[in-house]
Each structure stands twice: as structure tokens, then as C-alpha cells.
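In my numbering, the protein residues as written are 10 to 261. Positions of the beta carbon are idealized from the N, C-alpha and C atoms, including for glycine.
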């Protein structure tokens with residue numbers, strides 16, 4: 010198997026396909042080209058691609074974004090780049106709504122398109138690395154007997170483990186994408202200081218406090234707070250691991 014990054018090019022203009030293929034091969038990529046969506050779909054069914062360069066307007070008035078949607082369903086880790094001979098703000102905005110990596114007007118220079126494709130491949134690799142690390146971390150946390158909460162730097166919950174639900178009564182439906190309302194008012198200032206310290210790159214010591222269960226019970230805990238980054242370019246998450254000092258009764 011080749012260790013080169015694999016790129017799909019879909020464009021009905023032969024000169025564009027030829028130029029892109031030559032540019033990208035010279036830049037060290039492995040390139041497959043297609044002039045029509047059905048040819049590109051056949052290639053997608055045969056092999057994995059790390060990036061795709063897709064013309065916005067395809068033969069017979071077909072929309073390149075439709076193919077990108079097809080590609081995303083079958084190869085979600087492939088990063089798409091839209092190219093267009095008729096660039097406009099509306100076209101670029103619609104492309105971004107489809108979560109494309111970049112929108113490049115034609116004509117483009119060799120250095121420009123090669124740089125964009127390289128950045129797209131690196132972006133895809135970073136996302137894949139983050140996803141794999143995140144799955145590993147969360148699988149480990151999920152079997153832990155210590156209640157664990159993971160949130161983003163804005164305080165929005167992205168993960169709770171089974172032990173957290175068992176201890177505090179909150180389910181994923183209650184808290185995912187939202188703030189967990191389990192910090193007592195009297196502890197909020199110190200909790201905010203812990204968060205600020207983490208965001209400043211400082212270590213936060215374990216401390217004893219209380220947290221509020223869904224049914225209103227106060228539970229004595231030791232809180233361990235840390236910062237986690239799954240990949241070099243990924244966003245950071247904040248992990249709260251709580252050691253329960255008393256076992257609550259009748260939460261579920």
C-alpha cells in the first residue's frame with residue numbers, strides 16, 4: 010500500500026483535471042481523477058481518499074455539493090475542497106454550510122492549490138487522530154467507577170460516564186451540550202478559579218467539596234480537574250473526575 014496521501018479530483022474540464030493531477034503528483038500526492046459524478050462514485054466505492062477537489066458546477070447542471078454530501082456519508086474522514094469558475098459570496102457560503110474545508114476560485118496557481126490540499130489532508134488527519142483518541146479516552150472513563158464529566162472550555166458537557174449517572178442521577182439527555190447544574194452556589198467562585206487556572210496552563214490540585222445530585226442531595230466528593238487535548242491541533246477539553254466520599258441512596 011502506498012504511503013502517499015490519496016486525493017480525488019472531480020471536474021468535467023479536461024485541462025483542469027490534467028493540471029490538478031500534474032500539480033498534486035509533483036507535490037507528492039497520489040491522484041485519481043473523474044470527469045463525471047458517477048465515475049467519482051465508482052472510485053469512492055473502490056478506495057479511500059483523504060481529500061477531494063470537486064468542481065462546484067458539474068456536467069448537466071449537477072451540483073458538486075451533492076457529490077460532497079455523498080462522499081461525506083461514505084468516507085466521513087475525507088476532507089472536501091470546492092473549486093469554481095464562477096465564484097460568488099453565496100456560492101462560497103453554501104459550500105461552507107456543507108462543511109467543506111476551502112473554496113478556491115478558478116484559475117488557481119500551483120502553489121496555492123497544493124498548499125490548500127496539504128492543509129486539508131493535515132486537517133483530516135488531525136480530526137481522525139482526535140476522534141480515535143477521544144474514543145479511547147472515553148471508553149476508559151466509561152468503565153471507571155469514579156463519576157467523570159468532560160466539558161469544553163465554555164463549560165458545555167460533551168461526556169458523562171455511567172458512574173456519574175448512577176451517582177448523581179443526570180443522564181446524557183439532561184446535560185450533553187449544556188452546563189451540569191451540580192456546583193453549589195457557595196463553591197462556584199472557587200470552581201471558576203480552577204477553570205481559569207487550567208485555561209492559563211496551570212495545574213489544579215485535588216480538593217474536597219460537595220456537588221448537588223439531580224434529586225437535590227448534597228454529595229461529598231474529592232474533585233480532580235485536568236485539561237486534555239486529543240490531538241496537536243484539536244480543541245482542549247476539561248475533565249472532572251470525582252471521588253465520592255459518601256454513597257448516595259435512591260438516586261435512580
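### Query
What did DSSP end up calling residue 219 once you bin it into helix, strand or coil?
On the chain shown, position 210 is the one that residue 219 refers to. It is a strand residue.
#### Entry: Beta-ladder partner(s) of residue 88, from DSSP
Translated into positions along the chain shown, residue 88 becomes position 79. DSSP, once it has assigned bridges, lists 60 as partnering residue 88.
#### Entry: Start and end residues, beta strand (DSSP E) containing residue 39
For this step, residue 39 is matched to residue 30 along the chain shown. Residues 39-43.
### Message
Which residue wins for smallest C-alpha separation from residue 194, given the options 178, 210, 220, 176?
### Response
Taking the chain shown and counting its residues from 1, the one referred to as residue 194 is at position 185. Residue 194 has its Cα closest to that of 220, out of 178, 210, 220, 176.
### Message
According to DSSP, is residue 77 part of a helix, a strand, or is it coil?
### Response
Start at 1 with the first residue of the chain shown, and residue 77 comes out as number 68. DSSP places residue 77 in the helix class (H, G or I) of the three-state scheme.
### Query
residue 176: beta carbon under 8 Å from a heavy atom of the ligand FAD?
The model on display carries no ligand, and the ligand FAD is accordingly not part of it.
### Message
Please classify residue 109 as buried or exposed, where buried requires at least 16 neighbouring CB atoms within 10 angstroms.
### Response
Taking the chain shown and counting its residues from 1, the one referred to as residue 109 is at position 100. By the 10 Å Cβ count, residue 109 comes out buried.
### Message
On the DSSP bridge list, what partners appear for residue 120?
### Response
Your numbering for residue 120 matches position 111 in the chain shown. Looking at the DSSP assignment, residue 120 forms no beta bridge with any residue, so it has no partner.
### Message
Checking the sheet assignment: what are the DSSP bridge partners for residue 249?
### Response
For the purposes of this step, residue 249 is identified with residue 240 of the chain shown, where counting begins at 1. Residue 249 is bridged to 158, 234.
### Query
Considering only the beta carbon of each residue, do residue 73 and residue 91 sit closer than 9 Å?
Indexing the chain shown from 1 puts residue 73 at position 64. Indexing the chain shown from 1 puts residue 91 at position 82. Cβ atoms of residue 73 and residue 91: closer than 9 Å.
### Task
Buried or exposed for residue 188, please, with buried defined as at least 16 other CB atoms from any protein chain shown within 10 angstroms of its CB.
For the purposes of this step, residue 188 is identified with residue 179 of the chain shown, where counting begins at 1. Exposed.
### Query
Residue range of the beta strand (DSSP E) that residue 17 falls in?
Against the chain shown, residue 17 aligns to sequence position 8. Judged by DSSP secondary structure, residue 17 falls within the beta strand (DSSP E) whose first and last residues are 15-19.
### Message
Considering Cα atoms alone, identify which of 192, 169, 191 is closest to residue 181.
### Response
In the chain shown, counting from the first residue as 1, residue 181 sits at position 172. When each option's Cα is compared against that of residue 181, the closest is 169.
### Task
Determine the direct distance from the alpha carbon of residue 144 to that of residue 81, and round the result to whole angstroms.
The count along the chain shown starts at 1 and reaches residue 81 at position 72. The count along the chain shown starts at 1 and reaches residue 144 at position 135. Taking the CA atoms as reference points, residue 81 sits about 20 Å from residue 144.
### Task
Within the same chain, show all residues whose beta-carbon is closer than 8 Å to that of residue 77, passing over the 5 residues directly before and after it, in chain order.
Mapped onto the chain shown, residue 77 falls at position 68. So the list reads 61, 63, 89, 91, 107, 109, once near-sequence residues are dropped.
### Query
Got a sec? Which residues, its chain only, sit under 6 Å from residue 164 by beta carbon, not counting five neighbours each side?
Here residue 164 refers to the residue found at position 155 of the chain shown. If we look at residue 164 and ignore the five residues flanking it on each side, its Cβ neighbours are 188.
### Beta-bridge partners of residue 114, as assigned by DSSP
Along the chain shown, one-based indexing puts residue 114 at 105. Residue 114 pairs with 93.
### Whole-angstrom distance between residue 191 and residue 197, CA atom to CA atom
As a position in the chain shown, residue 197 is number 188, starting the count at 1. As a position in the chain shown, residue 191 is number 182, starting the count at 1. Distance between the alpha carbons of residue 197 and residue 191 is about 10 Å.
### Query
Helix, strand or coil: which one does DSSP assign to residue 211?
Working through the chain shown from its first residue, we reach residue 211 at position 202. It is coil, neither helix nor strand.
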